Amino acid sequence: MSALQENPFTGPIAAEYDVLRLMCPNAATLAKKIGDRVAEWRSDAGPIDGFEIGCGTGISTLAALSARGDLKLTAIDSAGEMLDQARTNLADYALAGRLKFIEADALTALRALPDAGKDVVISNYAIHNFPDDYRKAVVWEIFRVLKPGGIFVNGDRYAMDDPAAHLADTQAVVRGWFKIFTKMNRLDLLEDWILHLLSDESPQHIMYFEPALEQLRAAGFAPVTVEFRDGVDTLVTAVKPGG
Ligand SMILES: C[S@@+](CC[C@H](N)C(=O)[O-])C[C@H]1O[C@@H](n2cnc3c(N)ncnc32)[C@H](O)[C@@H]1O
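Using the UniProt record's numbering, the first residue of the sequence shown is number 1, and each one after it goes up by one.
Below, the structure written as structure tokens:
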């Protein structure tokens, strides 16, 4: 399996990423919850070192950095168009020395890190984009790079395990998107997002809920906790034992 993955966050999807606020309001909700969770994690531990997978334009990055003043974060993304926006949006944090960006594929970037060096690893709506074998390798790498007692906080789309329920949810999502994009007169952008969704939902990519939790447990995480779930939008935390 190659460490390098195709990344669909290019062109109009990247340039007009802001529309996600309308398409998936839970993305911002989960970014805020990630920040809250990072702020709570060993709040008396002193400065902590974090790593973000798929920072995009910086929405979840900002949520974490603003929630915890003693967090230093390395944020990676393999889509230059997304990362450029994050660099602009979060220039002050980078200047203050609290944030470093790396344009890199998630697995490559994780493999470059030493064992047990990070206190927290965060991600928001990136891991579901990965094919399952790549995701499994990423999960094992996250476990390796965390310190004992460290925490992985992931906000993401975890598909419903019941195929009929999942189909009904996806159909409702697509119906909602038609309303949003028709009102904006942007059926061109709707087309791009539907193609993106079809990739996320394909058999090699779809991240089913229970198997994904099991994938975390198999890597060694315990406990694995579902902190929030609304439809497919879910916040999962996974602790590396020890510490
Ligand atoms: C839906 S966006 C989420 C961005 C941000 N976390 C947020 O909360 O808005 C997913 C991000 O994951 C990035 N991504 C997808 N596959 C990746 C990979 N294999 N390696 C690194 N980044 C990846 C995309 O470029 C995109 O910016």
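Even glycine gets a Cβ: it sits at the ideal position worked out from N, Cα and C.
Note that this is a predicted model, so its numbers are computed, not measured.
Residue i - containing alpha helix (DSSP H), residue span
i: PHE181; result: 163-183
i: ASN89; result: 80-89
i: ASP200; result: 187-200
i: THR108; result: 106-111
i: PRO130; result: Per the sequence shown, residue 130 should be read as Phe rather than Pro. Where PHE130 is concerned, there is no enclosing alpha helix (DSSP H), given that its DSSP letter is neither H nor E.
Option nearest residue i by Cα separation, candidates the options
i: PHE9; options: SER199, PHE152 and ARG42; result: SER199
i: ARG111; options: LEU30, GLU141, TRP193 and ARG87; result: GLU141
i: GLY46; options: ASP119, ASP84 and PHE209; result: ASP119
i: TYR134; options: LYS32, GLN215, ALA15 and LEU95; result: GLN215
i: LYS147; options: ASP161, ALA164 and GLY117; result: GLY117
i: residue 262; options: ALA67, ASP162 and ARG42; result: The chain is shown only over 1 to 243; residue 262 falls outside these bounds and no answer can be derived.
i: ASP70; options: ALA96, THR88 and LEU197; result: ALA96
i: LEU187; options: PRO12, ASP84 and LEU167; result: PRO12
i: LYS32; options: GLN204, LEU235 and HIS196; result: LEU235
i: GLY243; options: LEU197, ASP44, GLY149 and ALA14; result: GLY149
i: ALA91; options: LEU113, GLY58 and ARG68; result: GLY58
i: THR237; options: ASP36, GLN204, LYS183 and ALA172; result: ASP36
i: LYS183; options: VAL19, ASN89 and ALA172; result: VAL19
i: LYS136; options: ASN89, TYR17, LEU213 and LYS100; result: LEU213
i: ILE48; options: LEU99, THR88, ASN89 and ALA28; result: LEU99
i: GLN204; options: ALA28, LEU30 and ASP132; result: ASP132
Distance between beta carbons of residue j and residue i, contact taken as under 8 Å
i: VAL232; j: ARG175; result: Not a contact, Cβ separation roughly 15 Å.
i: THR61; j: ALA86; result: 6 Å
i: VAL239; j: ALA222; result: 7 Å
i: ALA159; j: ILE206; result: 5 Å
i: ASP105; j: ARG144; result: Wrong, their Cβ atoms sit about 17 Å apart, outside the cutoff.
i: PHE178; j: LEU189; result: About 12 Å separates the two Cβ atoms, so there is no contact after all.
i: ALA63; j: ILE34; result: 6 Å
i: GLU191; j: THR170; result: That belief does not hold up - the Cβ atoms of GLU191 and THR170 are roughly 17 Å apart, past 8 Å.
i: LEU83; j: LEU73; result: Not confirmed; about 14 Å, so no contact.
i: residue 304; j: ALA94; result: Because the chain is modelled from 1 through 243, residue 304 falls outside the range shown and cannot be assessed.
i: ALA165; j: GLU81; result: At roughly 34 Å, the Cβ-Cβ gap does not stay under 8 Å, so ALA165 and GLU81 are not in contact.
Limits of the beta strand (DSSP E) - the one that residue i falls within
i: LEU99; result: 99-103
i: THR10; result: From DSSP, THR10 is part of no beta strand (DSSP E); its letter is neither H nor E.
i: VAL38; result: Careful: VAL38 lies outside any beta strand (DSSP E), inside the alpha helix (DSSP H) at 25-40.
i: THR57; result: Counting along the chain, THR57 falls outside any beta strand (DSSP E), and DSSP gives it neither H nor E.
i: PHE209; result: Careful: PHE209 lies outside any beta strand (DSSP E), inside the alpha helix (DSSP H) at 209-219.
is_contact[residue i, chain B] using C-beta, thresh 8 Å
i: ASP70; result: Note that chain B does not occur in the displayed structure, where there is just one protein chain.
Those residues which DSSP pairs with residue i across a bridge
i: ALA75; result: GLU52 and PHE101
i: GLY155; result: ASN124 and LEU235
i: LYS118; result: LEU146
i: ASP230; result: ASP233
i: VAL138; result: In the DSSP output, where bridge partners are listed per residue, VAL138 has none listed.
i: THR225; result: THR237
Exercise. Is it a yes or a no for the region 48-57 touching the region 76-85, going by three-plus beta-carbon pairs under 8 Å?
Worked result: yes
Exercise. On the three-pair Cβ rule with 8 Å, is the region 126-134 touching the region 150-166?
Worked result: yes
Exercise. Taking one C-beta from the region 223-230 and one from the region 9-25 each time, how about it: are there three or more such pairs within less than 8 Å?
Worked result: Output reads no: the region 9-25 does not touch the region 223-230.
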